[in-house]
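Chemist:
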Amino acid sequence: MKKVGKIILFVFLGLIVLFTFAFLWNKSHPKDTVYEILSPTVGTIENKTVATGKIEPRDEILIKPQISGIVSEVYKEAGQMIREGDVIASVKVIPEMGQLNSAESRLRVAEINLQQIETEFARQTQLYKKGVISKEEFDASQSDYNKAVEEKNNAKDALDIVREGVSKKYAKLSNTQIRSTISGMILDVPIKAGNSVIQANTFNDGTTIASVANMNNLIFRGNVDETEVGKIKEGIPIALTVGAINNQKFDATLEYISPKGTEQNGAVLFEIKAAIKVPDSVFIRAGYSANAEIVKSRAIDVLTIPESSIEFSNDSAYVYTAKQEKPKQIFDKHFIKVGLSDGIKVEVKEGLTAEDKIRGNAIDTKKKEEQKNKG
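Numbering (my numbering), first residue to last: -5 to 369.
(1) DSSP three-state label for K186, please.
(2) Considering only residues of the same chain and omitting the five flanking positions on each side of K166, which have a CB-CB separation below 6 Å?
(3) Reducing DSSP to helix, strand and coil, say where E370 ends up.
(4) E145 to A104, Cα distance in whole Å?
(5) If you measure between the beta carbons of G73 and V191, is that distance less than 8 Å?
(6) Three-state secondary structure (DSSP) at I357?
(7) Between P34 and I299, is the Cβ-Cβ spacing less than 8 Å?
(8) Between which two residues does the alpha helix (DSSP H) harbouring E222 extend?
(9) Short of 8 Å in beta carbon distance, which residues of its chain neighbour G281, apart from the five on each side in sequence? Order them along the chain.
(10) Between the beta-carbon of T175 and the beta-carbon of I185, is there less than 8 Å?
(11) Who pairs with Q318 in a beta bridge, going by DSSP?
(12) Decide yes or no for the touch test of the stretch 212 to 229 against the stretch 258 to 266: beta carbon pairs closer than 8 Å, at least 3 of them.
(13) Please report the Cβ distance between P59 and I172, rounded to the nearest whole angstrom; I am assuming they are in contact, meaning their Cβ atoms lie under 8 Å.
(14) Below 8 Å, how does it come out for the stretch 242 to 258 and the stretch 226 to 234: are there three or more Cβ pairs, yes or no?
(15) Classify K129 as buried or exposed, calling it buried when 16 or more other Cβ atoms lie within 10 Å of its own Cβ.
(16) Is it buried or exposed, R353, if we count other Cβ atoms within 10 angstroms and call 16 or more buried?
(17) If we ignore side chains and look at the alpha-carbon of each, how far apart do V313 and K327 end up?
(18) From the DSSP output, in three-state form, read off G237 for me.
And the structure:
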């Protein structure tokens, strides 16, 4: 029995030695790396840059009052459509006491003067009918009477303007009614009934009653970095992505590039503007944030390969073309001339044809087997 036990022990030790030897031998002779085999494809490559900005109407008009006072009533609110000439709000005039007193005094003087001249004109009329005075004297008296009537009317209109902001003669042109100067949508009405407002004049912009804009004429306003601005020009197409509207892009045309940059956070940025084409079925609100994809350059129907398959040495670029695929992969180093790149694909100008096959990324055989076993 002891002899049999020794034999079993030696056999077991021998198996351990053989297993260890086989393991170390395999370890010292790693398996050949297997690569993907790729073929060049014909496609389009676009080199793009992204500009951030927002959507806004091309022309936003601020409606200002032409008279100072207190807002008595607001007839419109933000979001409503409005036509040119529609009344947005009305203003009640608060007269200045000095002006009011002066206007009232002027009217009283005009009435006294008219009463005196009216009496004199009636007397002159009777004398003229009797032939006592000449026609020349009668015409002069009548002229004085007409002037006195006109002066009284002017004084009364002046008093109405001081009190109410408008005279009866020009009631249709009342400054107390704030009207829209354009047709469009009301974007904002910052005032309420009871607010004091100041008229627009040489020294003051005046209080904004409302802002109105044509929402059918929108633009994108954004900024482009100085490293990119030299690669774009007016008239090129832009694809806009609006943050508030998912899964939809809007066409736009670049129409303005600022000739002067501004420094923001250490970077020099140039303002750009682009006209947006908005479908009738979509409503875009002013102030939406948006990203603009600007195509700096494009290569159409060119031979392309993945950028990951290219290696670079100094100023040269090369790939490995497949000389043999089975039973063992053999590759040759092959220099090429590259063109435009979008970061994923690269244009091949010289050195390859559509029939060639090149080396791609290494295949993780262990991971592939594990996924196969799981499946």
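Ideal Cβ positions, reconstructed from N, Cα and C, are used throughout, including at glycine.
Modeler: In short, the structure shows the following:
(1) coil
(2) With a pLDDT of only 49 at K166, under the threshold of 50, the placement of this residue in the model should not be trusted; the figure read from the coordinates follows. Excluding residues within five positions, none has a Cβ falling inside 6 Å.
(3) Because the chain here runs from -5 to 369, residue 370 falls outside it and cannot be looked at.
(4) 6 Å
(5) no
(6) strand
(7) yes
(8) E220 to V223
(9) K48, I49 and E50
(10) no
(11) I324
(12) yes
(13) 5 Å
(14) yes
(15) exposed
(16) buried
(17) 6 Å
(18) coil
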